[in-house]
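**Student:** The structure is given below, and queries will be raised subsequently.
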Amino acid sequence: MATPQTISPNLGDRLRGFQRSAGNIAAGGGLWAAIIGFTVWAAFAERDALTVGIVLGAILALGAVGLTLIFGVLKFAHFAHGDSMMLSAFIAWLLLNGIIVGERAGSETTLLPVTINDLPGADSAIWEFSFGYGLIVAMLLTAVLTAGMMVGIDRVVYRRLRRRKSGIVIFAIASLGLAFVMRSVILIFWGPTPRLYTPGIRNRIDLPFDVSVLADQLFILAAAFVVTGIVYVMLFRTKLGKAMRAMADNPDLALISGIDTDRIITWTWAVAGCLIAVAGVLLALQAHLDSELGFALLLPLFAAAIVGGLGNPQGALVGGFVVGITQEVAVTFDFLSPGYKFSVAFAILILILLVRPRGLFGERS
Amino acid sequence: MNSDQRPPILTVEDVSKAFGGLKAVNHANLEVAEGSITGLIGPNGAGKTTLFNIISGFIKPDSGHIAFQGERIDGIPPHRVFHRGLVRTFQIPREFGGMTVLENLMLVPKDQEGEHLWAAWFLPWRVSRQEDENFTKAEEVLRFLNLHQLRDEYALNLSGGQKKLLELGRTLMCNPKMILLDEPAAGVNRTLMRGIVNDIKRLRQDLGITFFVIEHDMDIVALLCDRLIVMSEGSKLAEGTPEEVRADERVLEAYLGGQVR
Amino acid sequence: MILAGKRPAWARGLKPSDFIATAVLLTITLAIPFIAYEQSRGAFPDGNIAGTMSFYTAFLVTVGVFALLTMGLNIQWGYTGVINFGVLAFFMLGAYTTAIITKGDPQGDFTTYIGGWGNDLNLIPALATDQWLPFVIATAAAALAAGLLALLVAFPTLHLREDYLAIATIGIAEVMRRVVIEERWMVNGSRGLTGVPQPLGGLVDQSDYKYLNVVIVGIVVIIVFFALERAVRSPWGRVLRGLSDDEEATAASGKNVFAFKTQSFVVGAAIMGIGGSMYAYAFSALSPDAFTHLFATFIFWAMLMVGGSGNNKGAIAGAYVIWGLWTISLQMQGYELGDVIESRMPFIRGLLLGVAIVGVLLIRPLGLLPQERRVSAWVERRVKKERSTPAPPAET
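Following this line, the structure appears as structure tokens:
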């Protein structure tokens, strides 16, 4: 038979070949070494930024797990994720004290007759935290409401697009439209002024090794840890979670093996909604409630999900911390002003797309 | 026709491809003779469509070589495989639904100057001449396939069988040397199918095009192919004339086994 | 693909309800500027021609600039199915590039920016070249810069799934905004740039410049429109439409998917750069605060979706309709709406834009003006010629 001869590759092939080999070097541990090295260095040189980075990373991880779940099961990039986080943070605010903007911009009025803060002792600070148990109640209630909201949106919008067999780009645009709807809803009810859950003082706690954190940040870490545990058990120990992961891996196979896809999708939105709500409230606790934050948040969220490999929940968890830490530590450098925080997330995203588009945990392409 | 005497136009050598743990194609070795109509049959999940995807450049094989007319084509992108004269159709027709049937065909010809922006802007007369040529050619193909009355219809509105014909028509727009047909008879009614079979034979006769056809319908296969390759579990199981293959015990077993599983 | 559900009905011909809808829309559309003007009458005493004219000219110039940006997006999304959620980046780059090229040296302690070559660009001091040559150069540079940026974004993302590019474009928009705000030395940070010179500005009286402004923007819109029509209604555009219908089938038809997507993305971005350039001339002042996601990205999506993705006339119509409705809502204070609504009007507008996009996707994916049936203008002409001759009709 004829001996196959090699074909001289053109420039595009060469470039892509270079990209692939770079990816393989990275797979050989380069990226991991860089990440671990950077973190260890930061632990000595920029301890405060590292601490904030870990806290932010935990929040991003929660958001990114939700994002990656939606991507895995529904196969589209959910561009309303950041804005839904912010909207649920504001819903929690409403549940807490019932306040919205009044007739004139700047004035305030109460919308709810009864609020959580009306409960006895709900707003008296626990331990060193700046908030009382009311916030936790509000967070849990918001999780339920947001889950309902996401399922509702799926019914009204995404399911109809699915029935019409729309392409993924249509879903992306619809979710962008919804992102702006949510942002506008926030602005209509609560206006553009940033807000805080509680006006109280934030207490600092001194930990060993010269680390000092805000008490609230300890709460954020603990809450994120608990929620991650629950989601882990749900994904890896229950039938529902297994079905979700099966659908993420191979939708056709899942369909053949008799999984009720509509039910799985509904549950995915519900779980993602809970994650969105918790992440949103925790973020607002760490930073503040701000309508502007939602859309900008998309970058670190997607960066985290892509670092972990889109559709991979464990990956998103790690990705959240990688992005959170890098973002916070990088802006301590002299040449980067803090305004570039989200640009750092973007840089990570582009780097990963260049060398390893399937993420740290993805297979070699 | 004795195709054994002819040199192979396509050689698949030790090609493997795994998806996760599933070995879709497993050390496949096969040859397709120039000018033949070779059938590729086998039970569901034997890896036939995956092999087509690998040959046409849509999937990169994990290992192995593919040579077309003596040149390696594995690992080069689909459009460059196309430019070598090896074109394919899809199992589920992939028409350009938002375009008319006519322009579905006119998209295909290679070396259209109008595909370069500067020509579209500054050399309209040359684009115009080529468009006229392609228009005529597309009309010819449409008449050949009996689709001419649907020329200005959106491709989306065609029936399943008409879409299959359109897929075939697209491959004819570019003077191919070899065509990979993925289940040309699926969803096409019997009378129309007989027409397609005759068309394919005529094309081989008149233009010397080699065909490599995945097909499930054994009647069609017997009518159409002069050589059959049987795939099972990702590799070649048997090969021969339709009669030989029909008599082969292993083939029967593979099909039955496939059905039980 | 995307328009799957709707196209057959359209293809089979218009229903009476379509005609009614079209007639109603047409009436509203034509009435928009008059309604808007009627509402703002309070601001201009009757018979104040100058006031009336400044209202209409400002309206038309804005529509023109936005039409350019929407047409740029139309090449990317409407024709090729490539998502760009960062129109802002290319818009802003075009506007700022234009400003720093045409402006003179920085004046005063509170102004720092690079460039300022305006006075040196009068390369051939004849035929009043100082009035137009620097501006032509600046607009070309704006298109080039935006195109290069697009190339930079496209390379790592365009061979991946479509949504990666969408994410990357959000990123580039964020970076662009940040750079403009943080790097004071570059384009004066959040203070913005004012006093961008106006093309042919020295030839007419300043109070009459608004008419010239309309003419200049109008001419650019017309040039871009015809250039784009020529490009998309050709074999080039046919490949793009193939890509938006089915990428794999396009690859199987021997087209280099990556190359065509990149071209489309870059051409679209260059048009956005030109749009940005026109914005700089028309409004003569740039501030990073004006380039918000809502106002510099999202509104163009609403315009394109409402007008009709994949149709340049639709893009222009969308810019006109959306901006018209926007203007009307800006003039709402003439009515007794109550403080609750009035103080929230800007946010309600944003809400309605979002609802418009989702609504169009769900109800009428084709928008006001759907794509032409035949892509290639040559085929169109050929078929028309055939129809006019007495040969038997080919249509079923």
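Residue numbers (this note's numbering), protein chains in the order written: chain Z, 6 to 370; chain Y, 39 to 299; chain C, 9 to 404. Beta carbons are placed, not taken as given, at the ideal position from N, Cα and C, and that holds for glycine.
1. Using a Cβ-Cβ cut-off of 7 Å (strictly less than) and excluding sequence neighbours within five positions of C:V272, which residues of its own chain qualify?
2. Would you mind listing the beta strand (DSSP E) stretches within the segment 245–298 of chain Y that are 3+ residues and don't spill past its ends, in chain order?
3. Using a Cβ-Cβ distance cut-off of 8 Å, determine whether Y:D190 contacts chain C.
4. Is DSSP giving C:A136 helix, strand or coil here?
5. Are at least three pairs of beta-carbons, each pair with one atom in the segment 258–274 of chain Y and one in the segment 49–68 of chain Y, less than 8 Å apart?
6. What residues in its chain sit with their C-beta under 7 Å from that of Z:L124, if we drop five residues either side in the sequence?
7. Could you give the DSSP three-state label for Y:G77: helix, strand or coil?
8. At the 8 Å Cβ level, is C:G283 part of the contact set with chain Y, yes or no?
9. Just how far apart, CA to CA, sit C:A103 and C:V223?
10. Answer with yes or no whether the minimum CB distance from C:K263 to chain Y is below 8 Å.
11. Evaluate Z:F136 with the Cβ neighbour count: other Cβ atoms within 10 Å of its Cβ, from every protein chain shown; 16 or more gives buried, anything less gives exposed.
12. Work out the CA separation of C:L159 and C:T270 for me, nearest whole Å.
13. Give me the Cα-Cα distance between Z:L99 and Z:T198, rounded to the nearest whole angstrom.
14. Under 8 Å, do Z:V360 and Z:Q332 count as touching if we go by C-beta distance?
15. Compare the C-beta of C:S384 against all C-beta atoms of chain Y and say whether one is closer than 8 Å.
16. Out of C:A267, C:M61 and C:A290, which one is the CA nearest neighbour of C:T165?
17. Note down, in chain order, each residue of its chain lying with its Cβ closer than 6 Å to the Cβ of Z:V286, except the 5 sequence neighbours on either side.
18. C:S242 touches chain Y at which residues, Cβ-Cβ below 7 Å?
19. Below 6 Å CB to CB, which residues in the same chain sit around Y:I252 once its five sequence neighbours on both sides are set aside?
20. Identify which residue in Y:D264, Y:L203, Y:E178 and Y:Q243 has its Cα closest to the Cα of Y:Q129.
21. Using beta carbons (cut-off 8 Å, strictly below), is C:I178 in contact with chain Z?
22. May I have the straight-line CA-CA distance separating C:H301 from Z:A177, to the nearest angstrom?
23. What is the DSSP secondary structure of C:V275, reduced to helix, strand or coil?
24. Leaving out five residues before and five after C:L220 in sequence, what residues of the same chain have Cβ atoms less than 7 Å from its Cβ?
25. In chain order, what residues of the same chain lie with their CB nearer than 6 Å to the CB of C:K321, ignoring the 5 residues before and after it?
26. Compare the C-beta of C:A239 with all C-beta atoms of chain Y and state if any pair is closer than 8 Å.
27. Which residues mark the beginning and the end of the alpha helix (DSSP H) in which Y:G102 is found?
28. For Y:F128, does the three-state DSSP call read helix, strand or coil?
29. Taking the Cβ atom as the reference point for each residue, do C:I230 and C:I40 lie within a distance shorter than 8 Å?
30. With H, G and I counted as helix, E and B as strand and the rest as coil, what does DSSP make of Z:V334?
31. Does the pairing of the segment 389–398 of chain C with the segment 210–222 of chain Z give three or more beta-carbon distances under 8 Å?
32. Which ranges does the beta strand (DSSP E) cover as unbroken runs of at least 3 residues, wholly within the segment 188–273 of chain C, from first to last along the chain?
33. By Cβ distance, which residues of its chain are closer than 8 Å to C:I189, with the 5 residues on each side in sequence left out?
34. Give the residues from the segment 344–369 of chain Z that approach chain C closer than 7 Å (Cβ to any Cβ), ordered along the chain.
35. Excluding sequence positions up to five away, which residues of its chain have a Cβ less than 8 Å from the Cβ of Y:F134?
36. In terms of alpha-carbon separation, which member of Y:R110, Y:M137, Y:E109 and Y:A84 lies closest to C:R1?
**Tutor:** Considering the structure as presented:
1. As written in the sequence, residue 272 of chain C is Ser, which differs from the Val given in the question. The answer, listed in chain order, is I83, Q84, Y87, T88, V90 and L248.
2. 248–252, 265–270 and 273–278
3. yes
4. coil
5. yes
6. G139
7. strand
8. no
9. 19 Å
10. yes
11. buried
12. 7 Å
13. 15 Å
14. no
15. yes
16. C:A267
17. A94, A97 and M144
18. G152, A158 and V165
19. L78, K86, D220 and E221
20. Y:L203
21. yes
22. 16 Å
23. helix
24. L208 and V212
25. L377
26. yes
27. Per DSSP, Y:G102 belongs to no alpha helix (DSSP H); it is in the beta strand (DSSP E), S101 to F106.
28. coil
29. no
30. helix
31. no
32. none
33. G197, S198 and P296
34. G344, Y345, F347, S348, F351, L354, I355, L358, L359 and P362
35. E141, N142, L145 and A193
36. For residue 1 of chain C there is no data in the structure shown, the boundaries of chain C being 9 and 404.
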